[in-house]
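This report concerns only the one structure given below.
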Amino acid sequence: MDIFFISMALVCGAIGLLGAILPALPGPPVSYLGVLVLLLCGDVTVSTPFLVASGIIMVVITIIDYMLPVWFTQLSGGSRESVRGALAGMLLGLLFMPVGLIIGPFIGAFLGEYVACHRSGKAFKVASLSFIAFIVTTFIKLFYAVMLLVYIVRAVV
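My numbering puts the last residue of the sequence shown at 159; the count rises by one with no breaks.
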């Protein structure tokens, strides 16, 4: 049974890593689930401080992932249309991986803001900050997912 749980923990870690890049997958929670699955293994011990700390970090990262793009858009004076455009661009970008995933939110935010204000300078500023937020949150999620995947691998070896 331990082999099953170890396999599931590794799969969760790998899916969490993919979820750090793909917006359709909740990367940090799935990575954390991989650590929780390790608790079910008899031969593997999981440090309680690590479990608590990584759980708190997962919650904070998940909140940041949703709030930072909105906050950056508001900071730049962007409208709701730019937020909706960035989300639509991100979802459409999934069809044109990997380039679409990177430029989709930027184009979506630009078009959304341009429709709202009809000023290309402002739309570019809003789209740029939206893009920066996307890049920052992606790297934070990647770092967390790699950290937990390394922990899972080290725990089972």
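Even glycine gets a Cβ: it sits at the ideal position worked out from N, Cα and C. As the structure is a computational prediction, the values presented were derived from the model and not from experiment.
Residue i versus residue j - alpha carbon distance
i: residue 9; j: residue 43; result: 11 Å
i: residue 30; j: residue 50; result: 18 Å
i: residue 151; j: residue 45; result: 18 Å
i: residue 57; j: residue 64; result: 11 Å
i: residue 54; j: residue 48; result: 10 Å
i: residue 81; j: residue 75; result: 7 Å
i: residue 176; j: residue 52; result: As shown, the chain starts at 3 and ends at 159. That puts residue 176 outside it, with no answer to give.
i: residue 83; j: residue 103; result: 19 Å
i: residue 18; j: residue 147; result: 6 Å
Three-state secondary structure (DSSP) of residue i
i: residue 139; result: helix
i: residue 159; result: coil
i: residue 46; result: coil
Beta-carbon proximity list for residue i, same chain, < 7 Å, skipping 5 on both sides
i: residue 26; result: 96
i: residue 135; result: 70, 71, 74
Same chain only: Cβ atoms within 6 Å of residue i, ignoring 5 sequence neighbours per side
i: residue 106; result: 91, 92, 94, 95
i: residue 21; result: 27, 28, 29, 32
i: residue 165; result: Nothing about residue 165 can be read from this structure; the chain reaches only from 3 to 159.
i: residue 125; result: 112, 115, 116
Residue range of the alpha helix (DSSP H) that includes residue i
i: residue 64; result: 50 to 77
i: residue 119; result: 101 to 119
8 Å CB neighbourhood of residue i in its chain, flanking five on each side removed
i: residue 77; result: 131
i: residue 69; result: none
Distance cut-off 7 Å: residue i Cβ against heavy atoms of the ligand MG
i: residue 91; result: Ligands are entirely absent from the displayed structure, and the ligand MG is therefore not among its contents.
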